[in-house]
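In the numbering used here, the protein residues as written are 2 to 86. Using N, Cα and C, we set each Cβ at its ideal position, and we do this for glycine too.
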């Protein structure tokens, strides 16, 4: 399974939803909380192609995007294969 990294911040319902989906699939993930870390947040914006919202999710070398993108992949049946690579 490729490494899964999710960038979050405190009090973020979308972050909670993304964590719940990954947890329900028994996917281990590294969470990086950006609350109060403006330098790290700027690095994320660069890595995420200008995306400024959280969560931002990376599976291996693939930038999935945010929570809605993660759920869309799952509903399309494309999340599990991505996790299996």
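Would you give the residue range spanned by the alpha helix (DSSP H) that residue 46 belongs to?
39-48
Please check the pair residue 58 and residue 19, which I expect to be a contact at CB under 8 Å, by giving their CB distance rounded to whole angstroms.
6 Å
So, are the CB atoms of residue 45 and residue 8 less than 9 Å apart?
Yes, these two residues count as a Cβ contact at 9 Å.
Span separating the alpha-carbon of residue 27 from that of residue 40:
31 Å
Backbone secondary structure at residue 24 - three-state DSSP
helix
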